[in-house]
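*Asks:* Chain order of the listed sequences is A and B. Following the working numbering, the numbering of the first sequence begins with 2 at its first residue and continues without gaps. Following the working numbering, the numbering of the second sequence begins with 2 at its first residue and continues without gaps. Just so you know, even glycine gets a beta-carbon here, dropped at the ideal spot from N, CA and C. Have a look at the structure that comes next, please.
2 protein chains.
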Amino acid sequence: MISPRFKKKYLFLLFFVFQFFLMFYISWCPAEDLSRMEKLVLIYQKQIMTQEIELKKLKVTRSKIYYRTEQKVLPKYIKDLPYIYAITPTYTRLEQKAELTRLSQTLLHIPNFHWIVIEDATTKTELVTKFLKNSGLNYTHLNALTPKHYKLEEKDPNWLKPRGVLQRNAGLEWIVTNQNSKSNGVIYFMDDDNTYSLKLFDEIRFTEKVSVWPVGLSGGLRFESPIVTNNEVTNWFVFWKPERPFPMDMAGFAINLKFFLQYPEARFSLRVQRGYQESTLLSQLHVKLNDLEPKANDCKEILVWHTRTEKTKLKNEDKLKLKYGHGSDLSIEV
Amino acid sequence: MISPRFKKKYLFLLFFVFQFFLMFYISWCPAEDLSRMEKLVLIYQKQIMTQEIELKKLKVTRSKIYYRTEQKVLPKYIKDLPYIYAITPTYTRLEQKAELTRLSQTLLHIPNFHWIVIEDATTKTELVTKFLKNSGLNYTHLNALTPKHYKLEEKDPNWLKPRGVLQRNAGLEWIVTNQNSKSNGVIYFMDDDNTYSLKLFDEIRFTEKVSVWPVGLSGGLRFESPIVTNNEVTNWFVFWKPERPFPMDMAGFAINLKFFLQYPEARFSLRVQRGYQESTLLSQLHVKLNDLEPKANDCKEILVWHTRTEKTKLKNEDKLKLKYGHGSDLSIEV
Chain A
2 MISPRFKKKY LFLLFFVFQF FLMFYISWCP AEDLSRMEKL VLIYQKQIMT
52 QEIELKKLKV TRSKIYYRTE QKVLPKYIKD LPYIYAITPT YTRLEQKAEL
102 TRLSQTLLHI PNFHWIVIED ATTKTELVTK FLKNSGLNYT HLNALTPKHY
152 KLEEKDPNWL KPRGVLQRNA GLEWIVTNQN SKSNGVIYFM DDDNTYSLKL
202 FDEIRFTEKV SVWPVGLSGG LRFESPIVTN NEVTNWFVFW KPERPFPMDM
252 AGFAINLKFF LQYPEARFSL RVQRGYQEST LLSQLHVKLN DLEPKANDCK
302 EILVWHTRTE KTKLKNEDKL KLKYGHGSDL SIEV
Chain B
2 MISPRFKKKY LFLLFFVFQF FLMFYISWCP AEDLSRMEKL VLIYQKQIMT
52 QEIELKKLKV TRSKIYYRTE QKVLPKYIKD LPYIYAITPT YTRLEQKAEL
102 TRLSQTLLHI PNFHWIVIED ATTKTELVTK FLKNSGLNYT HLNALTPKHY
152 KLEEKDPNWL KPRGVLQRNA GLEWIVTNQN SKSNGVIYFM DDDNTYSLKL
202 FDEIRFTEKV SVWPVGLSGG LRFESPIVTN NEVTNWFVFW KPERPFPMDM
252 AGFAINLKFF LQYPEARFSL RVQRGYQEST LLSQLHVKLN DLEPKANDCK
302 EILVWHTRTE KTKLKNEDKL KLKYGHGSDL SIEV
């Protein structure tokens, strides 16, 4: 028989133990909810911070795009989009800065673009160095001098000697040295006085071996063009030297980078006759007619023009010197 | 003297009360913390959602900008930035589409820009109509025909007759009819074969009356330029016809829109001698030398060049026709 006193003590003990567990439970459960909430809050705070950083970046990009005219900062890179490597020979003349300026302002629109500019000079000039630095583009600046006996004189017609050969080769050399077969890209030979539609770059980006398309104002015709039948190049619409293996202009084709790197020693040559530069290079790549990929809506659209810029006549500079003792201020870069 | 039994009961009572308060406290505080945490979590969830929407919008804008070459969707408008109204006369020739293409690709970078293109033609051509529609720019397409006896023949040197006069006037007419003195903007005469640096448009945007700057490759010199002393135009560096009131090229000045609208009948004239177009217009605006605002770093930088494009020789079109019975496919637009 349990005594009443023992019962009381027992009850109190039970009550005490019960209290204890109750307290434990009450403090544990909300604490668990609380700690779960706290964890959630921490996660959310982290997410908000990450988003704020991303928002900030996008806003900075957007404001840079808005003030592109000042900043020239463009979204230049898109993941997994093949790169376009443009090789541009250039040489010092009055119109050079103007040509490079208007060309670069077209190129600024193109994502995943790398401009390889090669001066026909013993050393890189300050004009081109400063220009490229301020252009806002990804670029490589090289120089390669055309030997004197190969170089055009001031009064020579422009077709007299091969132009840009060593400069383009220097560009190819850079590509072979600095790119590898993992790089996804396209090589394009871009002269600094031609005119390029932005649509062209969309077309040439996805070249598997060698792609081709028409060139406007070329070869003494309204345009020169590959002839396409059933999505294949079967012939050429040209008048001048149609017997060439590849009778087209430098601006009318592009080469897949990986494909080119299978023949890393392929180069242009100073020693071939006029109009055979393109054929010389493509022959070294062992390209057949049916390897060519027609672009520009089966070669029915003109997306590049072989424009040429008039030489500026400086007749009044000498007259000024005669009259006033000095010409235009040479410290002002034109 | 308190009895031990009372003491015990008292202690147990105290203990019980203490337990009660403890329990209450423990359940209340976490609950309060919990509800505070829950509120915080809701706030954070809302913030995250808002940020996600904003991120999504910015990403869409950015992807549109990335695919500009396809979409030509650009941020074209910035609140409160003065508009640039460029008046460009153009005429049909082989190089026209190339010129307009490369110029438009420069203009695509410029926010708050309106292009007024006026064809020298009886009716608007399909080429220019389609071109402008696909250009991605804000534009107005007009046409105005130069009377035959004023129009240059194919073989005339380009300086023989005044060019672009009626077309520019049509542009000014449109501005007077469609803009009012509330519009904040600048008028600029932009020929389709010149070369414009993007920096120029930043400079001219904030013109109060008439601003001026050097033009490269102009007037038989490396450049022609206003001469600036103490931030004021005091003279002109030109050789050709320096006696003109404003001896400069069309590309070398811009007029504030509100200022122009004070003289809404000011126009160019077919009847003045060569080189006097600019002076004719500015005289009608009653502009004095010291009204002119020098731009381009006190007129020490060249931001626009008077480039000219060579005429394409189509000598082989006729030879093709003789040989094969037809020239290049005329349904392909060049």
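Is Trp116/A helix, strand or coil by DSSP?
*Replies:* Counting from one through the first sequence, the residue named residue 116/A turns up at place 115. If DSSP states are grouped into helix, strand and coil, Trp116/A belongs with the strands.
*Asks:* 8 Å is my cut-off, CB to CB: does Thr235/B come that close to chain A?
*Replies:* Position 234 of the second sequence holds residue 235/B. No, no contact with chain A.
*Asks:* With a cut-off of 8 Å on the beta carbons, I'd call Val227/A and Trp237/A a contact; round off their distance for me.
*Replies:* As a first step, residue 227/A is located in the first sequence; it is residue number 226 there, counting from the start. As a first step, residue 237/A is located in the first sequence; it is residue number 236 there, counting from the start. Looking at the sequence shown, residue 227/A is not Val but Pro. Contact holds; Cβ gap of about 6 Å.
*Asks:* For Thr107/A, which three-state DSSP category applies?
*Replies:* As a working mapping, residue 107/A is identified with position 106 in the first sequence. Reduced to three states, the DSSP call for Thr107/A is helix.
*Asks:* Alpha carbon to alpha carbon, what distance is there between Leu199/A and Arg1/A?
*Replies:* Any question about residue 1/A goes unanswered here, given that chain A covers just 2 to 335.
*Asks:* Here's a check: name, in chain order, each residue in its chain whose Cβ is nearer than 6 Å to the Cβ of Val288/A, leaving out the five neighbours to either side.
*Replies:* As a position in the first sequence, residue 288/A is number 287, starting the count at 1. Cβ neighbours of Val288/A beyond the five flanking positions: Val211.
*Asks:* Give the range of the alpha helix (DSSP H) segment to which Ser284/A is assigned.
*Replies:* Translated into the one-based positions of the first sequence, residue 284/A becomes position 283. Run containing Ser284/A: 278 to 285, per the alpha helix (DSSP H) assignment.
*Asks:* Output yes if chain B places a C-beta closer than 8 Å to the C-beta of Leu35/A; else output no.
*Replies:* Taking the first residue of the first sequence as 1, we reach residue 35/A at position 34. So, interface residue.
*Asks:* If you scan the segment 193 to 265 of chain B from start to end, which runs of the alpha helix (DSSP H) of 4 or more residues do you find wholly inside it?
*Replies:* Entirely contained in the segment 193 to 265 of chain B, the alpha helix (DSSP H) runs reaching 4 residues are, in chain order, 199 to 206, 258 to 261.
*Asks:* Please classify Glu96/B: does DSSP put it in a helix, a strand, or coil?
*Replies:* Indexing the second sequence from 1 puts residue 96/B at position 95. Note: Glu96/B maps to coil in three-state DSSP.
*Asks:* Name the chain B residues that come within less than 8 Å of Glu311/A, Cβ to Cβ?
*Replies:* Your numbering for residue 311/A matches position 310 in the first sequence. Neighbours of Glu311/A on chain B, chain order: Thr308, Arg309, Thr310, Glu311.
*Asks:* Would a C-beta distance cut-off of 8 Å place Asn113/B and Tyr84/B closer than the cut-off?
*Replies:* Within the second sequence, residue 113/B is the residue found at index 112, counting from 1. Within the second sequence, residue 84/B is the residue found at index 83, counting from 1. In contact: Asn113/B and Tyr84/B (Cβ atoms closer than 8 Å).
*Asks:* Between the C-alpha atoms of Ala87/A and Ser105/B, what's the straight-line distance to the nearest angstrom?
*Replies:* Taking the first residue of the first sequence as 1, we reach residue 87/A at position 86. Taking the first residue of the second sequence as 1, we reach residue 105/B at position 104. Spanning the two alpha carbons is a distance of roughly 21 Å.
*Asks:* With distance defined between alpha-carbon atoms, name the residue in Gln285/B, Trp116/B, Thr147/B, Arg275/B nearest to Pro265/B.
*Replies:* Within the second sequence, numbered from 1, the residue matching residue 265/B stands at position 264. Comparing Cα-Cα distances from Pro265/B to each of Gln285/B, Trp116/B, Thr147/B, Arg275/B, the minimum goes to Gln285/B.
*Asks:* Can you tell me whether Ile49/B is helix, strand or coil according to DSSP?
*Replies:* Translated into the one-based positions of the second sequence, residue 49/B becomes position 48. Three-state result, Ile49/B: helix.
*Asks:* Among the residues of its own chain, which have a CB less than 7 Å from the CB of Phe202/B, if the five just before and after it don't count?
*Replies:* Sequence index remark: in the second sequence, residue 202/B carries index 201 (1-based). Excluding residues within five positions, the ones whose Cβ falls inside 7 Å are Ile85, Ile111.
*Asks:* So with Cβ pairs under 8 Å, would you call Glu127/B a contact of chain A?
*Replies:* For the purposes of this step, residue 127/B is taken as the residue at position 126 of the second sequence. No - not a single Cβ of chain A is within 8 Å of the one on Glu127/B.
*Asks:* By Cβ distance below 7 Å, which residues in the same chain neighbour Tyr45/B in space, the five residues on each side in sequence not counted?
*Replies:* The sequence position of residue 45/B within the second sequence is 44, counting from 1. Hits under 7 Å: none found.
*Asks:* Could you tell me the alpha carbon to alpha carbon distance between Met50/B and Arg37/B, rounded to whole angstroms?
*Replies:* For the purposes of this step, residue 50/B is taken as residue 49 along the second sequence, with counting starting at 1. For the purposes of this step, residue 37/B is taken as residue 36 along the second sequence, with counting starting at 1. Going from the Cα of Met50/B to the Cα of Arg37/B covers about 20 Å.
*Asks:* Below 8 Å on C-beta distance, what does Lys42/B contact in chain A?
*Replies:* Here residue 42/B refers to the residue found at position 41 of the second sequence. Looking at the sequence itself, residue 42/B is Val, so the reference to Lys does not match. Correct list: Met38, Leu41, Val42, Tyr45.
*Asks:* Would you kindly work out how many angstroms separate the C-alpha atoms of Leu75/A and His115/A, rounded to a whole number?
*Replies:* For the purposes of this step, residue 75/A is taken as the residue at position 74 of the first sequence. For the purposes of this step, residue 115/A is taken as the residue at position 114 of the first sequence. In this prediction, Leu75/A has a pLDDT of 47, which is less than 50 and means its spatial position is unreliable; nothing more can be read from the coordinates.
*Asks:* Can you name the residues of chain A whose CB is closer than 9 Å to the CB of Lys320/B?
*Replies:* Indexing the second sequence from 1 puts residue 320/B at position 319. Within 9 Å Cβ-Cβ: Gly221, Phe240.
*Asks:* Relative to the C-alpha of Val166/A, which residue among Lys320/A, Asp34/A, Ser270/A, Asp292/A is closest?
*Replies:* Taking the first sequence and counting its residues from 1, one reaches residue 166/A at position 165. Answer by Cα proximity: Ser270/A.
*Asks:* In this structure, does DSSP put Thr141/B in helix, strand or coil?
*Replies:* As a working note, residue 141/B is residue 140 in the second sequence. Looking at Thr141/B - three-state DSSP - the assignment turns out to be strand.
*Asks:* Work out the CA separation of Val216/A and Ile176/B for me, nearest whole Å.
*Replies:* Mapped onto the second sequence, residue 176/B falls at position 175. Mapped onto the first sequence, residue 216/A falls at position 215. Cα to Cα, the separation comes out at about 38 Å.
*Asks:* When we look at the beta-carbon of Gln263/B and count the other beta-carbons within 10 Å, is it buried (16 or more) or exposed?
*Replies:* Position 262 of the second sequence holds residue 263/B. Exposed.
*Asks:* In whole angstroms, what is the alpha-carbon distance linking Thr102/B and Glu39/B?
*Replies:* Here residue 102/B refers to the residue found at position 101 when the second sequence is read from its first residue. Here residue 39/B refers to the residue found at position 38 when the second sequence is read from its first residue. Going by the C-alpha atoms only, they are around 59 Å apart.
*Asks:* Which residues in the same chain have their Cβ closer than 6 Å to the Cβ of Lys259/A, if we skip the five residues on either side of it in sequence?
*Replies:* Looking up residue 259/A in the first sequence gives position 258. Excluding sequence neighbours, Lys259/A sits near Ser182.
*Asks:* Just the C-alpha distance for Thr130/B and Val273/B, rounded to the nearest angstrom, thanks.
*Replies:* Taking the second sequence and counting its residues from 1, one reaches residue 130/B at position 129. Taking the second sequence and counting its residues from 1, one reaches residue 273/B at position 272. Taking the straight line from one Cα to the other gives about 32 Å.
*Asks:* List, in chain order, every chain B residue whose beta-carbon is nearer than 7 Å to that of Gln97/A.
*Replies:* The residue given as residue 97/A occupies position 96 in the first sequence. Those within 7 Å of Gln97/A in chain B number zero; the least Cβ separation is about 10 Å.
*Asks:* So for Thr178/A, helix, strand or coil by DSSP?
*Replies:* Start at 1 with the first residue of the first sequence, and residue 178/A comes out as number 177. Reduced to three states, the DSSP call for Thr178/A is helix.
*Asks:* Determine the chain B residues that contact Phe190/A at a beta-carbon separation under 7 Å, and present them in chain order.
*Replies:* As a first step, residue 190/A must be located in the first sequence, where it is residue number 189. The premise fails here: Phe190/A is roughly 18 Å from chain B at the closest Cβ pair, so nothing lies under 7 Å.
*Asks:* Less than 7 Å between the CB of Trp306/B and some heavy atom of the ligand PLP, yes or no?
*Replies:* The ligand PLP is absent from the structure shown, which contains no ligand whatsoever.
*Asks:* Can you check DSSP and say which residues form a bridge with Tyr151/A?
*Replies:* Counting from 1 along the first sequence, the entry for residue 151/A is found at position 150. Looking at the DSSP assignment, Tyr151/A forms no beta bridge with any residue, so it has no partner.
*Asks:* Name the chain A residues whose beta carbon is nearer than 7 Å to that of Ala103/B?
*Replies:* For the purposes of this step, residue 103/B is taken as residue 102 along the second sequence, with counting starting at 1. Reading the sequence as shown, one finds Arg at residue 103/B and not Ala. Simply Arg103, Thr107, Thr196.
*Asks:* How long is the line joining the alpha carbons of Leu218/B and Asp81/B, rounded to whole angstroms?
*Replies:* Working through the second sequence from its first residue, we reach residue 218/B at position 217. Working through the second sequence from its first residue, we reach residue 81/B at position 80. So the two alpha carbons sit approximately 35 Å from each other.
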